[in-house]
Structures are given as C-alpha cells and as structure tokens.
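Below is one structure, written out as structure tokens, with a few remarks after it.
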Amino acid sequence: MNTRTTKELPVVSPSASDDAGLNLITPDKFHDECAVFGIYGHKEAANLTYLGLYALQHRGQEASGIVSGDGEHFYVHKGKGLVADIYNPQSLEKLTGSMAIGHNRYSTAGDNNLSNVQPLSVSFAFGNLALAHNGNLINAQVLRAELEAYGAIFQSTSDSEVMIHLIAHSRADTLLARIIDALGQVRGAFSVVMQTDHGIIAVRDPHGFRPLCLGRMGDTYLVASETCAFDLLGAKIIREIEPGELVVLNEKGVTSYHPFAPVNPAMCIFEYVYFARPDSQIFGANAVYATRKALGRQLAKESLVKADIVVPVPDSGVPAALGYAEGAGIPFELGLIRNHYIGRTFIEPEQSIRHFGVKIKLNAVSEVLEGKRVVVVDDSLVRGTTSRKIVKMIRDAGAKEVHMRISSPPIISPCFYGIDTPTKKELIGSSHSLEEIRKYITADSLAYLSLEGMLNAAPGTPEQYCSACFTEKYPIALTRAEEWQLGLFDPSL
Ligand code: AMP
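Residues 0 to 492 (numbering that gives the first Met the number 0) make up the sequence shown, in order.
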C-alpha cells in the first residue's frame, strides 16, 4: 500500500477532469492501446477484417484502417472515428484480395492526423508491406533519430513506423530475415501484424506484453488481439501466439518461428483488470470474465465491510462486483446505469450546465440506493476524478454509506508498454495515502486489492505478469537515452 503523504492533490488539467472520466478529451500525448487483426486466404478478407475490428472496438476508438492485398496490389481504407462510421459497403468492396490486416487506434490529441492511422503501408525493394501494431516501443525515438541520421524520411510521428524503416534498412537477404532483424532491434511491447505480397506475418514481442491470438475458419487462418473477434466470425480459437513467436500465414498454412532470445514473460496484468473484453480469452487462459470475478472475490476476502448492497461501476466494474457480492454474501444491485451511446462527438455544454459531470455517462437509481449502505466496486482508480463524482452521485441518490472498493492495487507509475496512463504526477495513487484518497473521493471507506491478491487471482504464476503500473518495477530497464526520450530523466539530479 502506498503510504506517501504529499499533501497536494493530483494535478488534473481542466480538459481531463471535466470530461468526467469519459476520456472524451485526452491529454496531448501518445497513446498506443490498439487492436490488430489479420486474415489470410478468404475471398471476403476485408469484410471479415471489418467485423473483427468491430468486435475489437474497445481497444481503440480514435481511428481505424484496413489494408487488403491480392498478391500484387494493396488496397487501403482508413478514417478517423468508430469502425461503424469509417467503413461502408462501397469502401469495403474496393478492398479486394484474399488477405487483409486491420487496426483500431486509441485516442490521441496531438497526433491524430491520418498519416498516423494504421496499418502503415509502403512499397519498397521487397514489394508491398503493411504493418499494424499494438503496444509501445520504448526505444522508438532513439532508433528514429539514428534512422533519420542515415537519411530515412518519416511520414508519421508513430513509433510503429520505426519498424518499417528498420526493415527497409536491413541488409538481410529475405523479407522474413529483414523483419526478424528489425524486430530484434526494437525494445518494448509489440503485437504486430504485417501483410506482404505473399501472406500475413504476426509477431509478439519476447515479453508478450500484449495479447495476440491465432484462429481458424475452415482453411482460413486469422490473427487478432483478442478472441472476441473470432467469436463474432464463428472462427475457432487455435491458441495464443507465444511471447517471442513469429507466425507466417500463407499458402502453406501456418509456420511458426521463435527467432528471438527468450526472456522472462511480462504479460500485462492490466489487460485482465480493465482493458480486454471480459468475453475474450487472453494469455492462453480462460475468459477474462472469470479472472475479473476472482479479483472481486479476493477483494471481498481482503476488505469486507457491512453493507446492504454491492453496486458495480458499469461496465468495467461489473464482473469484479459480482465476485465481491458472491464473496461477501451481499446482494448485487445495478445502482448505476450507463448510457452506452456517448460518442467522441459529445460537445461540452456551456459553463452554466457543464457541472453535470459524470451524469452524462452514468446515472444513479435512487430506488436502489436510498437509505442503503452501499459497496461500490470499480476496476481501477487512476486520477480519482471519476470515483469522486460517483461517490457524490450515489450519496445524492440517498445512500446512507458509500464504501469504495477497487479490484486492483493503487496505480503508482505510468505504463510505457501501451496502456494509456497519465503521467506519474496525475496518478493519485503515486503521491497520496489511502486516507488522503478516501477523503478526496469523499467515501466512508476505501480499499484497494492487494498486489499479491491480484496476482494470485490471475491465471498462471505471478512472475509471468508485468505489473509495473502498480509497482514501478519495469521489466525492461531503460537506458539513459530512453529515459530522456520518455521525459523521465531529470538532468538536475
Ligand atoms: P479516474 O477517475 O481517473 O480514477 O478513472 C478511473 C476509471 O477509469 C475507472 O472506472 C476505470 O475503469 C477507467 N480506466 C482505467 N484505466 C483506463 C484507461 N487506460 N483508459 C480509459 N479508462 C480507464
């Protein structure tokens, strides 16, 4: 548990706090939560990619792109916004060929021009190449500076473009060898899907930070960030692509390579806590749903409180709240109802009514809450601004007591591997004690899940996970140059 006692409350920019945790407005920094998809050997490759991206919408809502290929030419369609708004029958019809890759991109503010929308595609000495990336490379800027010194001209500000230039600059003989050479030089998180004129190549970084799954529909092979994409298509899940594994999907079927030196796995525990869809199977285990429920049950064990009802913060807090209610033997009630139709087009109202805050997304059901001692369960506490508004909303609806329970430990450090977390300064858990945070969110009590409790409730062994956002222990040590590029190196020290 964090016991630091800096008195200042977290620095929250007006845009970030006023969006009531809706993430309608995002800070001006790079975000790399994303979805990737790839399919080889189907006459409706682009249509199926569209559906796959539809199922993976939760991993990125800022922009989306599909690149299809027929062995000779690539066909591209990209746009900003939600999958359903970007593609239509006419645009999909133009994406001919029996292979395709797709990408959904998470929100950005500073760099949201179309040149950053993936898949990135180029034509070079080895034919056409398109690339879609989920994850974040920690040495991208260092590599970019080196490549630019050698004359590389970058088209985007995306860290993913570094991989394309490294492939183009490689001296290896074959395209596959160049890809391996290039990916051997990048550090950080990458679940990458590439399309060449001959097939699809899917690669997961040696630590396996982000998920990447392999599926099959008859003779057609597919790859996707999460298995929920396969479910929609009626495809079978074959298995998770292993950390450090590269698979080629082409006319020979699936060929697997392990070209990188093995390292300790560091799969992102936050995928289980918040990010992945609960109906997906990731990291080779059962559905995320079961793990979220187990986190809730463990939370009940660790921080039981006398209460009348358990209420989830929908949607991400629902499975953990079910687990908590089960573990605590307290009835589960939907005391908060979510409006699912808030798009990024939401316009902030005039000052006179803007303080309706979180109500645009959530509304309290006073019949459920009135006179009750309420346990509210959410999956994580980042800046604390959402929790503060939720506690107030529940109290205003007549609750007698409000006890906040969080199904993960305090987030104390930013993620460099692809989850959108604010800077350390903005993370309330990084500089405030439990009691300070409780006071800030105005709850009667507050408890987080312990680190051990979280890791033990997750499938497999605690050692297989990256939990750096909760521990500040990063699985990949940063060089000075990388610290500098990530804004962490303080020259005054
Ligand atoms: P906060 O008000 O900043 O404490 O936000 C907490 C809420 O943000 C929780 O309800 C989480 O479900 C949600 N959340 C956690 N991580 C993320 C993320 N990376 N992107 C968007 N929302 C998140």
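C-beta: ideal position from N, C-alpha, C; glycine also.
Going by DSSP, S444 is part of the beta strand (DSSP E) stretching over S444 to Y447. Checking the DSSP bridge columns, you'll see M98 partnered with Y39 and G68. In the three-state reduction of the DSSP assignment, L298 falls in the helix class, which pools H, G and I. CA-CA distance, A446 to L333, rounds to 20 Å. Going by beta carbons, G126 and T48 fall outside the 8 Å limit.
Residues H164 of the same chain have their beta carbon placed closer than 6 Å to that of L146, with the five preceding and five following residues left out of the count. In this structure, ligand 1 has a non-hydrogen atom nearer than 7 Å to the beta-carbon of R382. By the 16-neighbour rule on beta-carbons within 10 angstroms, S255 is exposed. Proximity of the segment 366 to 374 to the segment 422 to 432 falls short of the contact definition, fewer than three beta-carbon pairs being nearer than 8 Å.
Note that the segment 271 to 291 does not touch the segment 385 to 399; fewer than 3 beta-carbon pairs, one per stretch, sit closer than 8 Å. In the DSSP assignment, Y340 falls outside any alpha helix (DSSP H), carrying neither H nor E. Nearest Cα to V312 within the set L298, N285, C33 and A363: A363. L113 sits exposed, since fewer than 16 C-beta atoms from the chains shown fall within 10 Å of its C-beta. Ligand 1 never approaches S63 closely enough for any of its heavy atoms to be under 7 Å from the residue's Cβ. Spanning the alpha carbons of V357 and L335 requires a straight line of approximately 11 Å.
Annotation: P311 is outside any alpha helix (DSSP H); the continuous beta strand (DSSP E) that includes it extends over I308 to P311.
Taking C-beta atoms as the reference points, G417 and L221 fail to come closer than 8 Å. Only buried fits G316, as 16 or more other CB atoms lie within 10 angstroms of its CB.
DSSP, read as helix, strand or coil, puts E241 in coil. By the criterion of a C-beta distance shorter than 8 Å, K235 is surrounded in its chain by G214, R215, M216 and F229, once the five residues flanking it on both sides are discounted. Counting other Cβ atoms within 10 Å of its Cβ, F123 stays below 16 and is therefore classed as exposed. In this structure, DSSP gives D158 a state outside helix and strand, which the three-state scheme calls coil.
Spanning the alpha carbons of N87 and A34 requires a straight line of approximately 20 Å.
Apart from sequence neighbours up to five positions away, the residues of its chain that approach R394 with a beta-carbon distance below 7 Å are V401, ordered along the chain.
Counting only residues of its own chain and dropping the five nearest sequence neighbours on each side, D204 has a CB closer than 6 Å to the CB of A188 and F189. In the DSSP assignment, F415 falls outside any alpha helix (DSSP H), carrying neither H nor E. When the beta-carbon positions are compared, R58 and S224 come within less than 8 Å of each other. Out of E71, G459 and V116, the CA that lies nearest to the CA of A62 is found in V116.
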